[in-house]
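Notes follow the structure.
2 protein chains.
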Amino acid sequence: MGILARLTVRQQQQKVREDAILDATRVMLAKKGYDLMTVDEVAAEAGIAKASLYKHFSSKESLAAAVMIHLLDQAIAFLESLPPELAPVDKMRGLLRWALDLRLDGGLPLLPSTSSTLQSNLLANRDYVKRILALNERMLDLVKAAQAQGVLDPGLPPDVVVFSLYARTCDPAVEYLQMSGRYTHQQVTEYLVKVAFAGLQGTR
Amino acid sequence: MGILARLTVRQQQQKVREDAILDATRVMLAKKGYDLMTVDEVAAEAGIAKASLYKHFSSKESLAAAVMIHLLDQAIAFLESLPPELAPVDKMRGLLRWALDLRLDGGLPLLPSTSSTLQSNLLANRDYVKRILALNERMLDLVKAAQAQGVLDPGLPPDVVVFSLYARTCDPAVEYLQMSGRYTHQQVTEYLVKVAFAGLQGTR
DNA sequence: GTCTATACCATGATAGAC
DNA sequence: GTCTATCATGGTATAGAC
C-alpha cells in the first residue's frame with residue numbers, strides 16, 4: 032500500500048506539473064503563436080527550467096500538439112454538454128461564443144490556420160486528426176440539421192459552413208476590436224456571433 | 032548627356048531589381064508569413080545574393096513594410112478605380128473579391144492580424160499608418176452610406192463592419208476550402224463573399 | 001529520480017572585405 | 001554586386017545537484 036500510495040502521489044504531482052506546463056503553453060501559444068513562442072518562455076511561465084520541461088514533453092511540437100488536442104477535447108465536451116433539445120443552430124452559436132470567450136480571455140491559440148510549422152506536423156499527428164474528424168462529424172450533422180430546418184442557408188455546402196465557423200473562432204477582427212478599446216469583451220463576442228450568422232447585411 | 036542617360040538606365044535597372052525583390056518578398060510573405068520567411072529565401076527567389084539584397088533594403092522589416100505599403104496603395108487605387116455610381120456595398124464586395132482573388136493567387140500576405148513581430152513595427156511606420164488611416168476613412172464612408180441605404184445592418188457600429196471586412200480578406204477558411212480540393216478558386220471567392228455579407232443564415 | 005546549469009549545434013540576420 | 005565572417009537566438013542533449 033505504501034508503494035502504491037506513493038506512486039499515486041508522485042503521479043499526481045507529475046500531472047499537476049504537466050498541467051501547469053500545458054497551461055503555460057496554451058497561454059504563450061495564444062499570445063505569440065507557435066513560431067514565436069519559445070520553450071524558454073513556456074518554462075519560465077510554468078516556473079521550471081527548460082530542461083525539466085523536456086523531461087515531460089519530448090519536443091516543442093509535442094507540447095503544442097498536447098495543447099491543441101486538449102482544446103479539441105474541450106470543444107467536443109462543450110458540444111456534448113449542451114441540452115439535446117437545443118436547436119442545432121444554437122449549438123453552433125454556443126460553440127462560437129465559447130471559443131470567442133476563451134480567446135478574449137487570452138486562452139485560445141489561433142488554430143493553425145496561418146501557415147506555421149505546426150500545421151504539417153499536427154496533420155501527421157493521429158490523436159489530433161482523430162479529434163478533428165470527430166468534431167467535424169458533429170458539426171456537419173448540426174449544419175445539415177439546421178439547413179433542413181431552414182435556419183441556415185441551404186445553398187451553402189455544409190463544409191463551407193463548418194470551415195467558416197472554425198474561421199470565426201480565429202477571426203482577427205477580435206484583435207482589431209479589442210485594440211480599438213471601444214467595446215467590452217461581451218460586446219465583441221456578440222457582434223462577431225451576430226456577423227457570423229446574419230452577415231454584414233443583418234436580417235432584413 | 033552620356034552620364035545622365037547612363038544614370039537613368041542604371042536607376043531603371045535598380046528599380047527593376049527592387050521590384051523583383053519586393054515581388055519575391057510578397058510571395059514569400061504570403062506563403063510563410065513574416066516570422067517564417069527568411070531573407071535567404073527572398074534573395075534566392077529574387078535571384079540575387081542575400082548581402083546584395085541588403086544593399087537595397089536596410090532590414091527584413093523594411094522589406095516587409097515596403098510590400099505592405101505597396102499593397103495598401105493598390106487597395107486604395109482599386110477602390111478609386113471603381114465607377115462612382117457603383118453602390119457602396121458593391122464597392123465593398125468588390126474590394127473583398129479583389130483581395131481574395133489576390134490571395135488565392137498566392138499573392139496576398141495575411142495582414143498582420145497574427146501577433147507577429149511585424150505588427151508592432153508596422154504600427155510605428157508612418158507611411159504604413161498613413162495608408163491604413165486613408166483606407167479606413169474611405170471604408171467607413173462606404174459603410175455609413177450602405178447603412179443609410181439599408182443594405183447593411185444599421186445596428187452594427189461602422190468600425191465593426193470595417194474590421195470584419197478586413198478580417199475576411201485573411202479568412203483562414205480560404206485555406207481550409209482550398210485544402211479540401213472540392214472547389215475552384217472562383218467558387219471559394221463567391222462563397223466567402225456571400226457568407227461575409229449574408230452570413231451563414233443567408234438572406235431569408 | 002527529478003530538476004538546474006550549462007554545453008552544443010543549426011539557423012538566420014547583419015556587417016565587412018573583395 | 002558576391003563571398004565570407006560575426007553574432008544572437010533558440011531547440012535539444014548531457015552532467016551533475018538534491
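Chains as they are written, first to last, in this note's numbering: chain A, 32 to 235; chain B, 32 to 235.
Idealized CB from N, CA, C, for every residue including glycine.
Given the structure is predicted, the values throughout are model-derived calculations rather than measurements.
query	result
Beta carbon proximity, G125 of chain B to chain A, threshold 8 Å	no
Simplified DSSP assignment, three categories, for Q150 of chain A	helix
8 Å Cβ cutoff met for P140 of chain A and C201 of chain B	no
Partners in chain A for L164 of chain B, counting only beta-carbon separations shorter than 8 Å	None at all; the shortest Cβ gap to chain A is about 13 Å.
As assigned by DSSP and simplified to three states, the class of S89 of chain A	coil
For V70 of chain B and K91 of chain B, the rounded distance between their alpha carbons	7 Å
Same chain only: Cβ atoms within 6 Å of L94 of chain A, ignoring 5 sequence neighbours per side	T56, F88
N-terminal and C-terminal residue of the alpha helix (DSSP H) that R213 of chain A is part of	Taken as a continuous stretch (DSSP letters only), R213 of chain A belongs to no alpha helix (DSSP H), as it is neither H nor E.
Assumed close pair A198 of chain A, V120 of chain A - CB separation to whole angstroms, cut-off 8 Å	That pair is no contact at about 17 Å.
D136 of chain B in three-state terms, based on DSSP	coil
Contacts around H101 of chain B, its chain only, beta-carbon distance under 7 Å, and the 5 residues preceding and following it disregarded	L53
Nearest-angstrom Cα separation, counted from A77 of chain A out to A51 of chain A	6 Å
Neighbour-count burial assignment, L133 of chain A, 16 or more Cβ in a 10 Å radius	buried
Distance between beta carbons of E72 of chain B and R59 of chain B, contact taken as under 8 Å	The displayed chain sequence assigns Met, not Arg, to residue 59 of chain B. With a Cβ gap of about 6 Å, M59 of chain B and E72 of chain B count as contacting.
Within-8 Å CB hit, F228 of chain B to chain A	yes
For V174 of chain B, three-class secondary structure by DSSP	helix
Buried versus exposed, by CB contacts within 10 Å (16 or more), T39 of chain B	exposed
Residues of its chain near A80 of chain B, where Cβ-Cβ distance is below 7 Å and the 5 sequence neighbours each way are ignored	A74
DSSP-derived helix/strand/coil call for A80 of chain A	coil
Spatial distance of M32 of chain A from V160 of chain A (CA atoms)	Unreliable positioning characterises M32 of chain A in this predicted model, as indicated by a pLDDT of 47, which lies under 50. The coordinate reading is nonetheless provided below. Taking the straight line joining both Cα atoms gives about 40 Å.
Q232 of chain A burial status per 10 Å Cβ neighbour count (16 or more: buried)	buried
T220 of chain A in three-state terms, based on DSSP	helix
Members of the segment 80-93 of chain B that neighbour chain A once the beta carbon cut-off is set at 8 Å	none
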